[in-house]
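**Q** Counting from 1, one number per residue, gives the positions in the sequence shown under our numbering.
Note that CB positions come from ideal geometry on N, CA and C, so glycine has one too.
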Amino acid sequence: MEAVINENITKKEIEDIQTKMRRRYKNRKRINYSLRLLINLIVVLIVLLPLLYALSIAFMESSEVFSADLNLIPKNPTLSNFLDVLKKVPLFKFVFNSFLVAGLITIGQIVSSSLAAFSFSFLNFKGKELLFMIVMSTMMIPGEATIISNYLTVSSWNWLDSYQVLIVPYLASAMGIFLFRQFYLSFPIALYESAKIDGCSNIKFICKILMPLTKSSIGAMAVYTFINAWNMYMWPLLVTGSDKMRTVQIGISMLNSIDSQSITMMIAGVVMVIIPSLLIFVAGQKQLIRGMFSGAVKG
């Protein structure tokens, strides 16, 4: 005889109810997961569709693009557009310049930002808070507002059309100082005081203790800075005048002036330029997201 829980419901009936509730919960969970997956796929499709269509156009002939039919996939894929880009502009030289400039700017900003953030976090000096506020306020000044004065300054130094004019003005970053400072503030001041008692210098404290503990912020800063430096257009356009010093963004604009009718060649050039920055972003997106969120929370 079945054990009776009360006069109306048996133990078996309770187990059946629990089984139905678990099954209903699992079904609801599957539906919610499927809906989230569907929404994510739609968002991904919306984001990637322009890039995929641009990639498709890069392999098309001009006649396919301007035909009355909507051609999403090239009927006769060709590499002639990419070859034309390499013939019309020295793209490899532009890519080398962009990698060199972006790489040195990234290293410079990480070094300068970490040093400045260390001073604002661990050192005590008169006017520290005021100076930090002044540094942060520079982020509200658009680059276009200072571009003329910067140009006149570097021109008086005879730096035009050189690597230093592309690199030196961007070796410091208020955003980088803020990001590193947020991380450094999460460490107790006793850590710095103990290191000083043991005879550790400030530089050694930064290199041996702080930087190994802030790899996520360094990764975030590196990805953010490199992509911004890679995409620079206005400043390189203003201060460079020869092909040997131009960057990839200038090279893409040159394709329009060389052959404004060949849109397929322009798209092929854009695809070639996008690939490096896209790969860097994909490789470093975890560090970028982790660094940004950790910096926000630790502040």
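1. Mind checking which residues open and close the alpha helix (DSSP H) that includes W235?
2. Could you tell me the boundaries of the alpha helix (DSSP H) in which D84 lies?
3. For F205, which of I263, Q109, S119, N76 has the nearest alpha-carbon?
4. Can you tell me whether T247 is helix, strand or coil according to DSSP?
5. Would you report the Cα separation of P212 and S242, rounded to the nearest angstrom?
6. Taking all protein chains shown into account, do 16 or more other C-beta atoms lie within 10 angstroms of the C-beta of Q182, making it buried, or fewer, making it exposed?
7. Among L35, A117, G103, which has the Cα closest to the Cα of M136?
8. Along the chain, where does the alpha helix (DSSP H) that runs through D16 open and close?
9. Since I218 and S277 should fall inside the 8 Å C-beta cutoff, what is the C-beta to C-beta distance between them, to a whole number of angstroms?
10. Please classify F59 as buried or exposed, where buried requires at least 16 neighbouring CB atoms within 10 angstroms.
11. In this structure, how does DSSP classify P77 when only helix, strand and coil are distinguished?
12. Take the Cβ of V270 as the centre, count every other Cβ of all protein chains shown within 10 Å, and call the residue buried at 16 or more, exposed below.
13. Output the distance between the C-alpha atoms of I267 and N97, rounded to the nearest integer angstrom.
14. Relative to the C-alpha of L160, which residue among L238, L123, M175, E193 is closest?
15. Taking the alpha-carbon positions, what's the S156 to P169 distance?
16. Less than 8 Å between the C-beta atoms of M232 and I110, yes or no?
17. Could you check if I177 is buried or exposed, using at least 16 other CB atoms within 10 Å of its CB as the buried criterion?
**A** Quick answer:
1. Segment 234-239, the alpha helix (DSSP H) holding W235.
2. 80-88
3. S119
4. coil
5. 41 Å
6. buried
7. For M136, the closest of L35, A117, G103 by C-alpha to C-alpha distance is A117.
8. 11-58
9. Between S277 and I218 the Cβ distance is about 19 Å, and since that is not below 8 Å, they are no contact.
10. buried
11. coil
12. buried
13. 21 Å
14. L238
15. Near 14 Å, if we compare the C-alpha coordinates of P169 and S156.
16. Their beta carbons are not under 8 Å apart, which means M232 does not touch I110 by this criterion.
17. I177 comes out buried.
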